[in-house]
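Below: one structure, written as structure tokens.
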Amino acid sequence: MKKILFLGLGLAVLALAGCQGTKPQPKPPVVVTPQPPAQPPYQPPPTPPTLPPPEAPINWMASVQPLVNKMVSASAAETNNGILLLNQVKNNTSGSISTVDATDALKEAMQSNSHFELVPESKLNEARQALGLQGDDSLVSRAKAVSLARYLGAKYVVYASASGNPSLPEIMIQLLQTSTGEIIWSGQGNTQR
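Reminder that position 159 of the sequence shown reads as 179 in this note's numbering, one-by-one numbering, no gaps.
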């Protein structure tokens, strides 16, 4: 029995020896110093998109003059210096073009050669009023142009239209005989800037 007692006493000593006799020291509090918020890296403001340079206007005179020259040389034998009605250029493009500038260039090109005599603008305006046609009629047709030419006593009509892309349309010019409505000459070409 003594052995058990010594064994128990030894175990008790070992158990008590493992316990600490002093209080554990409290750890000092952790001091967190706030850091200023991180600045995002500098990014320059985005540059606005650059606009393409404006397109040069269509040079109608350079576009119609070669066609008029071809028309006059090809039809010189058939037309023998008749009176000519120059109709307004018709816009068949999908956008807006300056038909007034195109018509003025065509008129100037026709006047620069002496093969045709153009119907004066004053007579043309009077005839349009008499027939109930407006000067800026966007529904210009060959039939209306021929009717107007017959009313004015012109032997020929120049019918022109622009078609395709409005930024660079294709121009088509036709020379019509008023009495029959027959197309005497037809030509087309690209406009130039």
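All C-beta atoms, glycine included, are put in the ideal place defined by N, C-alpha and C.
If you compare the alpha carbons of GLN55, MET81, GLY207 with that of TYR179, the shortest gap goes to GLY207. DSSP, read as helix, strand or coil, puts TYR62 in coil. For the 7 Å CB-CB criterion, LEU105 and ALA163 do not form a contact. With fewer than 16 other CB atoms across the displayed protein chains lying within 10 angstroms of its CB, PHE26 is exposed. Closest by C-alpha distance to GLY115, out of GLU137, SER199, GLY184, LEU196, is GLY184.
Residue environment: TYR62 is assigned as exposed (fewer than 16 neighbouring CB atoms within 10 Å of its CB, all protein chains considered).
Residue pairing of LEU195 in beta bridges, as defined by DSSP: VAL178, TRP205. Taking a C-beta distance under 7 Å as the contact criterion, ALA125 and MET81 qualify as a contact pair. Sequence-distant partners of MET91 (beyond 5 residues in either direction) whose C-beta falls short of 7 Å from its own C-beta, in its chain, are ILE193, LEU195, TRP205, GLY207.
Boundaries of the alpha helix (DSSP H) around LEU172: 162–172.
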